[in-house]
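Under this note's numbering, think of the first position of the sequence shown as 168, with each following residue one higher. Idealized CB from N, CA, C, for every residue including glycine. Because the structure is a prediction, the values reported are computed rather than measured. Take a look at the structure set out below.
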Amino acid sequence: MSEVIIAGIGATPVGEHWDLSLDNLGAKAMLAAMRDAGVMRPQALYVGNLLASSISKQANLGTRLADNIGLTGIETFTAEAGEASGAAALRMGYLAVKSGLVESALVLGIEKYTDMVGPEVDAILAHSADSDFESTEGLTPNGLAGLLMQRYMDQYNAPRDAFAALPLLAHTNAVHNPLAMYRKAVDLAAYQRAPLVTPPLNLFDVAPYADGAASLLLVSDSVLFRSRQKRPVRLAASSAAIDALALHDRPDPLAFEAAALSLRKALQNAGLGWENMDLFELWDATSIYGLLALEAGGFAARGQGWRWLQESDLSLKSELPMLTMGGNKARGFPISAAGVYQAVEAVQQLRGQAGENQVPDARTAIIQALGGPASTAITHILTTL
């Protein structure tokens with residue numbers, strides 16, 4: 168089996184890209200990744216996307232985007248796993264290179280959310296929930312998260328401010344991220360004043376939907392010498408797990424079992440433990456999801472994650488920094504592309520290219536993306552060579 172090397176990375180700023188088409192957005196990220204790797208032509212393109220067929224009226228996205236940059240003749244597929252679609256595309260690329268079926272694969276996570284506005288967008292976003300019992304009843308992704316937060320507060324007697332630590336951390340770290348949507352620190356007073364979005368979620372509990380594209384060029388170790396990258400990063404493990412799609416079908420909706428399982432599998436496959444990790448990019452599409460992902464990772468006992476957050480240092484100089492470039496909350500949330508942004512940001516850290524956000528001597532990173540309320544969970548581990 169081949170080692171999988173990340174030879175190139177590229178990403179656009181996250182935001183409202185009214186002036187860029189889906190083609191333009193994808194081309195910017197993919198060509199940047201190819202240039203970073205030494206302009207190697209990939210043998211395959213794997214695209215992660217959730218909304219293009221509904222919002223941009225474009226399916227067969229992999230073929231369109233490959234054709235747009237002159238990559239006709241290669242293999243292309245589009246992965247869909249809810250909001251974790253980008254991470255699913257990364258897993259597809261990992262498996263293709265790891266197995267030896269291809270020597271190089273371009274991975275792209277892309278979302279053009281702002282091509283449509285209004286209530287129709289909320290209805291489309293709800294497609295990743297259960298269509299029989301959740302989305303048809305008007306539940307949106309943030310609506311589901313609001314139900315989980317309310318249940319957590321009631322079941323574990325958690326105060327309203329219990330969820331503030333993650334968004335405050337994200338905004339602090341986004342200040343120096345040039346690709347971030349919101350480069351401004353936020354204090355607890357601002358969090359407490361924020362208007363409600365889906366009670367009890369307030370504005371700072373919810374990551375802002377946005378446009379963005381991020382890309383990686385994966386190669387096997389046998390062709391690494393063709394890359395000009397002087398600090399290559401290895402994709403050491405990839406794992407995925409699912410839970411029941413509908414929350415009411417789970418024994419305990421506050422237990423993110425798929426997140427826990429995919430974390431355990433990734434660590435086992437890499438032959439590593441949490442003590443080996445230098446940073447963790449968790450999934451903070453909402454603050455309650457981030458907290459439940461931490462409990463799934465074993466950082467705190469069930470129902471004690473909010474206390475653990477209040478007592479822990481997760482800053483860039485801590486033992487295990489998190490959300491090092493602002494996470495979904497402050498970097499911005501390009502929905503299914505966010506899982507690839509996590510990977511790009513982890514590579515920047517491991518290369519020593521994270522600027523003022525650099526985690527000292529970072530050698531190993533773990534990233535996790537969730538589709539829905541951890542209906543799908545995909546985890547990757549990256550290490551330096």
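Run the CB neighbour count on G253, radius 10 Å, all protein chains shown included, and call it buried at 16 or more, exposed below.
buried
Can you give me the C-alpha to C-alpha distance between V269 and Y213, rounded to a whole angstrom?
12 angstroms
Does G522 come out as helix, strand or coil in the three-state DSSP assignment?
helix
Would you check if the distance between the CB atom of A312 and the CB atom of A425 is smaller than 9 angstroms?
no
On the DSSP letters alone, give me the boundaries of the beta strand (DSSP E) that G457 sits inside.
Where G457 is concerned, there is no enclosing beta strand (DSSP E), although the alpha helix (DSSP H) it sits in stretches over 454 to 463.
Buried or exposed for H415, going by 16 or more other Cβ atoms inside 10 Å?
Within a 10 Å sphere around the beta-carbon of H415 sit fewer than 16 other beta-carbons, which makes this residue exposed.
Quick check on Q535: does DSSP put it in helix, strand or coil?
Note: Q535 maps to strand in three-state DSSP.
Measure how close the beta-carbons of I172 and P399 come, nearest whole angstrom, since I'm counting them as under 8 angstroms.
5 angstroms
When you compare only the Cα positions, how much space is there between K279 and L257?
19 angstroms
Is the separation between the beta-carbon of A452 and that of P308 shorter than 9 angstroms?
Yes; because the gap between Cβ atoms is below 9 angstroms, this pair is in contact.
Measure from the alpha carbon of E287 to the alpha carbon of each residue in L430, N495, G440, L218, then state which is nearest.
L218
With distances taken Cα to Cα, identify the nearest neighbour of E242 among A248, G249, N227.
The option with the nearest alpha carbon to E242 is N227.
When DSSP labels each residue in this structure, what does N191 get in the three-state scheme?
helix
Straight-line CA distance for D146 to P527?
With the chain covering 168 to 552 only, the question about residue 146 has no answer from this structure.
Would G177 be called buried (16 or more neighbouring beta carbons within 10 Å of its own) or exposed?
buried
In its own chain, which residues sit with a C-beta less than 7 angstroms from the C-beta of N443, not counting the 5 before and 5 after it?
So the qualifying residues of the chain are T531.
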